[in-house]
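Using the working numbering, you'd call the opening residue of the sequence shown number 132 and step up by one each time.
Note sheet for the following structure.
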Amino acid sequence: MEDVRVRFAPSPTGPLHIGGARSALFNYLLARRLGGKLVLRIEDTDLERSSRESEVNIMDSLKWLGISWDEGPDVGGSYGPYRQTERLDTYRNFTQKLLDEGKAYYCYCTEEELEEERKACLARGEMPRYSGKCSNLTPEEKKRYEAEGRKPVIRFRVPKDQEIVVQDLVRGNVSFDSNGIGDFVIVKSDGIPTYNYAVVIDDSLMKISHVMRAEEHLSNTPRQILIYQALGFEVPKFAHISLILGKDRTKMSKRHGATSVVQYKELGYLPEAVVNFLALLGWSPEGEEEIFTMEEIIEQFSLDRVAKNPAVFDMDKLKWINGIYIRKTEKERIIKLALPYLQKADFVSKKPGQEEMEWVELVVDALAESLSAVSEIVEHLGMLKSEEIAPENEEAENILKEDTFPTVVNSFWQKLKDLPEVKPENVKPLFKAVTKELKLGGKKVYMPLRIALTGEMHGPELFYIIPILGKDLTYKRLQKAVESVGAQLN
Ligand code: GLU
132 MEDVRVRFAP
142 SPTGPLHIGG
152 ARSALFNYLL
162 ARRLGGKLVL
172 RIEDTDLERS
182 SRESEVNIMD
192 SLKWLGISWD
202 EGPDVGGSYG
212 PYRQTERLDT
222 YRNFTQKLLD
232 EGKAYYCYCT
242 EEELEEERKA
252 CLARGEMPRY
262 SGKCSNLTPE
272 EKKRYEAEGR
282 KPVIRFRVPK
292 DQEIVVQDLV
302 RGNVSFDSNG
312 IGDFVIVKSD
322 GIPTYNYAVV
332 IDDSLMKISH
342 VMRAEEHLSN
352 TPRQILIYQA
362 LGFEVPKFAH
372 ISLILGKDRT
382 KMSKRHGATS
392 VVQYKELGYL
402 PEAVVNFLAL
412 LGWSPEGEEE
422 IFTMEEIIEQ
432 FSLDRVAKNP
442 AVFDMDKLKW
452 INGIYIRKTE
462 KERIIKLALP
472 YLQKADFVSK
482 KPGQEEMEWV
492 ELVVDALAES
502 LSAVSEIVEH
512 LGMLKSEEIA
522 PENEEAENIL
532 KEDTFPTVVN
542 SFWQKLKDLP
552 EVKPENVKPL
562 FKAVTKELKL
572 GGKKVYMPLR
582 IALTGEMHGP
592 ELFYIIPILG
602 KDLTYKRLQK
612 AVESVGAQLN
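Here it is in structure tokens:
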């Protein structure tokens, strides 16, 4: 069997995007599934927009997701260097070969000339493409242009009347007419290769067996195939994975939610949940189950089950998955994740002592159930701690109006007041004690207390809420609630 070698080849022009992360993940999954290698190659030929900062962000985001690579700029490998700007000599050698064989040529057209050509094409109702004006310059013409100080680009000479078929493992055979492709630039005037050119040389020299990437690159593929052929390289297998659309079926953008991986990290999403969610963006498992660890996805992953139709980025689904993972995760980890949010919102000091940490644990115990992202803990807590508590609706209001309400509150407060420590395990038995004392059903006790303390009909367990509020705030709320129905707290 051939050696499976795949690659993720981001341009470091910004943080790792959700779409990029999905491409990286699918490549990782395929490599792990087939016992192959994943190469990380940094395509930094856009000198103005590329930055080391973005490169670091991309690598950190991949690591956070648990996507590791076997070769790359940081770990090295036998086919390096793995940054395109460090491979310029390699490209130059191939360019010389193409020039010598007449498969590429210098083009001296200025921006203005090209713009005029473009307009003329459009005026004729044609797709703009290069006319081939410089494709057969005489040595004299070249000299004249050089003397004018023009800096040439190098264009690839696209063969005429050729059908180029992309054999795509996801999309089937997709055919292109070479006459629709103008001679395109492979080396810019500053000597830097373009994406379509460098990518071919790198994929070939790095012995990439499968090029798996986003669908938007499908239209680049015929150009790349022409270069493979011109250089006598073997063409790899291609797999173009579908676009990611927002729920409204338009291209995924900031309007649909956070677009970069690091934003999800900052919002308190768990990497396992993000991976699980990303895997389902275009790939579907065989059964009904939707919650998988990375290992489980690797076991099941196959290109046959990667869909052609667009994947829809459903934020609610991500939240749902993340909530499941939060509830599955050990408490210690959630505490660690929650702490910075609590500190930032001033619920906890910068250097929390044991008592504060116990409180944090309490908060996590109380709220983890209802979180879909860890950062939300602050909002939930804000509501709990807010000065103004009022019944959320008429039903809640009516519960406070029940005859038994003041008695329930008084009985409960008498017991709570005397507790030496307000801890969940101490508070929990008090409700039963009240029901026994007053001979009331559980609901008649819980509900009025819940509404008096939170204003809401549903929420975290009261035996967690009360220790979070503390005795003072609990007292104030109970008092205010009984006063609202004209009674008193004894
Ligand atoms: N640098 C390209 C990008 O980030 C890579 C595309 C490819 O995988 O060939 O879109």
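No residue lacks a Cβ here, since even glycine has one placed at the ideal position from N, Cα and C.
Quiz item: Can ARG153 and LEU550 be called in contact, C-beta distance under 7 angstroms?
Solution: no
Practice problem: Please name the residue or residues paired with ARG138 in a DSSP beta bridge. | Solution: VAL170
Exercise. Write down the C-beta distance between VAL297 and PRO353 rounded to the nearest angstrom, noting that I regard them as a contact closer than 8 angstroms.
Key: 6 angstroms
Practice problem: Look at ILE530 and PRO579 and say whether their C-beta atoms are less than 7 angstroms apart. | Solution: yes
Exercise. Pull up the DSSP beta-bridge partners for PRO324, would you.
Key: VAL318
Quiz item: Do you know offhand how far GLY311's Cα is from LEU374's?
Solution: 24 angstroms
Quiz item: Can you find at least 3 beta carbon pairs, one from the segment 234-242 and one from the segment 273-293, that sit closer than 8 angstroms?
Solution: yes
Self-check item: Which listed residue (GLN394, ASP447, PRO416) has its alpha carbon closest to that of VAL437
Solution: PRO416
Quiz item: Cβ of ALA140 versus every heavy atom of the ligand GLU: is any distance shorter than 6 angstroms?
Solution: yes
Quiz item: Would you report the Cα separation of GLY413 and ASN407, rounded to the nearest angstrom?
Solution: 12 angstroms
Exercise. Would you kindly report the start and end of the unbroken alpha helix (DSSP H) that includes SER306?
Key: Taken as a continuous stretch (DSSP letters only), SER306 belongs to no alpha helix (DSSP H), being part of the beta strand (DSSP E) at 303-308.
Quiz item: Whose C-beta lies closer than 8 angstroms to the C-beta of LEU156 among residues of the same chain, with five residues either side of it excluded?
Solution: LEU196, ILE198, VAL406, LEU409, ALA410
Practice problem: Give, in chain order, every unbroken run of the beta strand (DSSP E) that is at least 3 residues long and sits entirely within the segment 222-294. | Solution: 235-238, 284-287
Quiz item: CA-CA distance, ILE149 and THR390?
Solution: 6 angstroms
Practice problem: Going by DSSP, name the residue or residues bridged to MET343. | Solution: ALA370
Quiz item: In the segment 416-445, which residue ranges form an unbroken beta strand (DSSP E) of at least 3 residues, counting only runs that do not cross its ends?
Solution: none
Self-check item: Entirely enclosed alpha helix (DSSP H) segments - the segment 504-572, minimum 4 residues
Solution: 508-516, 525-531, 536-548, 555-569
Exercise. Output the distance between the C-alpha atoms of GLU523 and ILE457, rounded to the nearest integer angstrom.
Key: 27 angstroms
Exercise. Could you have a look at HIS148 and say whether DSSP puts it in helix, strand or coil?
Key: strand
Quiz item: What three-state label does DSSP hand TRP414 in the structure shown?
Solution: strand
Quiz item: What do you get for ALA269, buried or exposed, if any count of 16 or more other CB atoms within 10 angstroms of its CB means buried?
Solution: The question names Ala, but residue 269 in the sequence shown is Thr. It counts as exposed.
Quiz item: Identify the residues that DSSP records as bridge partners of ASP299: which are they?
Solution: GLY303, PHE369
Quiz item: Are the beta-carbon atoms of VAL301 and ALA370 separated by less than 7 angstroms?
Solution: yes
Quiz prompt | LYS382 - DSSP class collapsed to helix/strand/coil | solution = strand
Quiz item: For the ligand GLU, is there a heavy atom less than 6 angstroms away from the beta-carbon of GLU174?
Solution: yes
Quiz item: Sorry if obvious, but does the Cβ on VAL301 come closer than 6 angstroms to a heavy atom of the ligand GLU?
Solution: no
Quiz item: What is the rounded straight-line gap between the Cα of LEU230 and the Cα of TYR400?
Solution: 51 angstroms
Exercise. Locate the alpha helix (DSSP H) running through TYR210, then write down its first and last residues.
Key: It is not in any alpha helix (DSSP H) - TYR210 carries neither H nor E in the DSSP assignment.
Practice problem: Using DSSP bridges, identify the partner residues of GLY203. | Solution: GLY207
Exercise. Keeping to the same chain, check which residues put their C-beta closer than 6 angstroms to that of LEU398; ignore five residues upstream and five downstream.
Key: ALA504, SER506
Quiz item: ILE375 by DSSP, collapsed to three states: which one?
Solution: strand
Practice problem: Report yes if the CB atom of LEU515 is closer than 7 angstroms to the CB atom of SER542, and no otherwise. | Solution: no
Quiz item: How many angstroms separate the CA atom of GLN474 from the CA atom of LYS602?
Solution: 22 angstroms
Self-check item: Three-state class that DSSP yields for SER501 in the structure shown
Solution: helix
Quiz item: When the Cα atoms are used, what is the spatial distance from GLU556 to ILE466?
Solution: 20 angstroms
Quiz item: When DSSP builds the beta bridges, which residues end up paired with ARG214?
Solution: ILE173
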